[in-house]
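Student:
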DNA sequence: CTGAAAGCGCTAACAG
DNA sequence: CTGTTAGCGCTTTCAG
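Spelled out as structure tokens, the structure:
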């Protein structure tokens, strides 16, 4: 019998139970929404007894090394915010532990809590058009991203329905660093400037605004800028944005992992993307 | 002999080695700099074979529960970004694993990679005074924070040296949410408005700016706003800020933990706080 | 130099 | 119902 100040060893428990109650949170790089998302994800995880390990994967090799933590039983499950390797490669790790993401990916063994950007994006264009914006610019993420493809489909369909509108200003980016500034330079250089531009991320939109203002332009008078996250930055910059429910996505992405790992079932949250006015 | 597809079990290794190579990153709540800091901290940790567990402690009880992970050998060490319990209470856990923080705390068993805010703050006030700002406002963090006390000492000493200056506008806050807006309301209501205001965080300064603009004020014409982190937000909002070297702090805070846990020694980085102009 | 064994600290199963 | 034991998978030690 030990003395009364006995402290159980968690690692021994983990070995025995073959569970660490730890989930990996993988993102290629840091951008502001990572923090917000992680905040939501970690809190719901903590409520159900899980802790969250953060990994900034940076390289394809590193991402694989991190996924291999599932095979060594260091992690019970994995959430992927931004990936590097192909979904095929990633999904091959699902047999070692459940994997979820917020990206739109169609694999039987990866839970995807995606939002269909098509209807909301079409709705936003309609809204802008009704407010007199015939020339609408689009700053989009990479086309390898299914959300981006949904957006370009919406653009094409909208263009077909409203031939008098102009959707020619389209930019595609793979990262978020320096992007807003680059887009602003392109806008300043454009001969036929769109009167409104929709962005794939609040942060990029914010950088766009600040670069425009630095160049003596007025926002929203010269250009209405629309963000895409409903994050704090959107409020700060006083821009309209699109709520794509990342908080619910974080919630549901965890719920899936939990349900896969445990016998009891937690229930999913509904999500409802919507336009958010500048405050 | 097993087949060739043998995968070692990390948890068994951890049990044997009595090491998890995992560091806890504790913060009371989320605010934008948390993400930036975590990014720096996690990357340097990963370079040296450590992963980082994030905890949003929220309550005093929760924070203790998290610190107890040191006693159960779930965590090797702990970094504290924002605390809840007293440093006395926290330091009593140092015998179970090294603890570091970026706060200014004078405990033999807690490494504090603090920046002395006194000289840089005095310098900033001087700079503003030389540029014609006789009435300078101060939005500060809690007085239980040693950095805040260094700032108030700088204010008092400056006031003594320049009796014609006005430093009466002083606000103290415990959190970062809604703070900038509240400070802006106070500024708008003030009869004797300071022509420049220095903030304890970029994010709070940004919120202040956006609230002022919403109320028809011009920044920086009506009020020069100075931030305090040199974070992305400062660039976005085009405000001058103070670089307090949080990236170096993240680096050094990790180095300490590493050196305590290992026999080899990594070396610390120098830090040099400085004024950063609006770009 | 190679191979077996002990033990890290826990929990589940089993015996008393 | 209580107490002992086997084994989770690794590493270190010790014997061959």
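Residue numbers (the UniProt record's numbering), protein chains in the order written: chain A, 1 to 279; chain V, 1 to 279. A virtual CB, placed ideally from N, CA and C, is assigned to each residue, including glycine.
1) Does the beta carbon of residue 63(A) come closer than 8 Å to any beta carbon on chain V?
2) Hey, could you find the ends of the alpha helix (DSSP H) residue 77(V) is sitting in?
3) Return yes when the Cβ of residue 23(A) is within less than 8 Å of the Cβ of residue 64(A), no when it is not.
4) Examine chain V for any beta-carbon lying closer than 8 Å to the beta-carbon of residue 9(A), and answer yes or no.
5) Would you say residue 238(A) lies against chain V (beta-carbon separation less than 8 Å)?
6) May I ask you to report which of helix, strand or coil DSSP gives residue 93(A)?
7) Specify whether the stretch 212-221 of chain A and the stretch 246-266 of chain A touch according to this definition: at least 3 beta carbon pairs, one from each stretch, less than 8 Å apart.
8) So, at 6 Å on beta carbons, what are the nonlocal neighbours of residue 40(A) in its own chain, with the 5 sequence-adjacent residues on each side left out?
9) So residue 187(A) is in the beta strand (DSSP E); what residue range does that whole segment cover?
10) Comparing C-alpha positions only, which one of 120(V), 59(V), 49(V), 48(V) sits nearest to residue 43(A)?
11) Let me confirm a value: residue 277(V) is counted as buried when at least 16 other C-beta atoms fall within 10 Å, else exposed. Which label applies?
12) So, is residue 69(V) buried or exposed, given that buried needs 16 or more other C-beta atoms within 10 angstroms?
13) Any idea if residue 28(V) is buried or exposed, counting beta-carbon neighbours within 10 angstroms, 16 or more meaning buried?
14) Using a cut-off of 7 Å between C-beta atoms, extract the partners of residue 35(A) located in chain V.
15) Can you pull the chain V neighbours of residue 43(A), defined as C-beta to C-beta under 7 Å?
16) Does the beta carbon of residue 199(A) sit closer than 8 Å to a beta carbon anywhere in chain V?
17) Where do the ends of the alpha helix (DSSP H) carrying residue 46(A) lie?
18) With 8 Å as the limit, tell me which residues of the stretch 210-223 of chain V have their beta carbon closer than that to any beta carbon of chain A; keep them in chain order.
19) Rounding to the nearest angstrom, what Cα-Cα distance links residue 274(V) and residue 244(V) in this structure?
20) In the DSSP assignment, the alpha helix (DSSP H) including residue 127(A) goes from what residue to what residue?
21) I'd like to know whether the C-beta of residue 2(A) is nearer than 8 Å to at least one C-beta of chain V.
22) Which ranges does the beta strand (DSSP E) cover as unbroken runs of at least 3 residues, wholly within the stretch 201-272 of chain V, from first to last along the chain?
23) Output the boundary residues of the alpha helix (DSSP H) element that contains residue 60(V).
24) For chain A, check one thing: does any of its Cβ atoms lie closer than 8 Å to the Cβ of residue 85(V)?
25) With 16 other CB atoms within 10 Å as the buried threshold, where does residue 175(A) fall?
26) How is the beta strand (DSSP E) around residue 170(A) delimited, first residue to last?
Tutor: Looking at the atomic coordinates:
1) no
2) No alpha helix (DSSP H) holds residue 77(V); the beta strand (DSSP E) holding it covers 77-80.
3) no
4) yes
5) yes
6) Taken through DSSP and simplified to helix, strand or coil, residue 93(A) comes out as coil.
7) Contact annotation: the stretch 212-221 of chain A does not touch the stretch 246-266 of chain A, with fewer than three C-beta pairs closer than 8 Å.
8) 247, 250
9) Per DSSP, residue 187(A) belongs to no beta strand (DSSP E); it is in the alpha helix (DSSP H), 179-189.
10) 59(V)
11) exposed
12) buried
13) Buried, by the Cβ-count rule.
14) 30, 32, 34, 35
15) 56
16) By this cut-off, residue 199(A) is not an interface position.
17) 32-47
18) 210, 213, 214
19) 7 Å
20) Run containing residue 127(A): 117-130, per the alpha helix (DSSP H) assignment.
21) Low confidence applies here, because residue 2(A) scores a pLDDT of 41, under 50, leaving its location unreliable; read the following figure in that light. Cβ-Cβ to chain V under 8 Å: no for residue 2(A).
22) 224-226, 241-243
23) 60-67
24) So no, residue 85(V) is outside the interface.
25) exposed
26) Taken as a continuous stretch (DSSP letters only), the beta strand (DSSP E) holding residue 170(A) covers 170-172.
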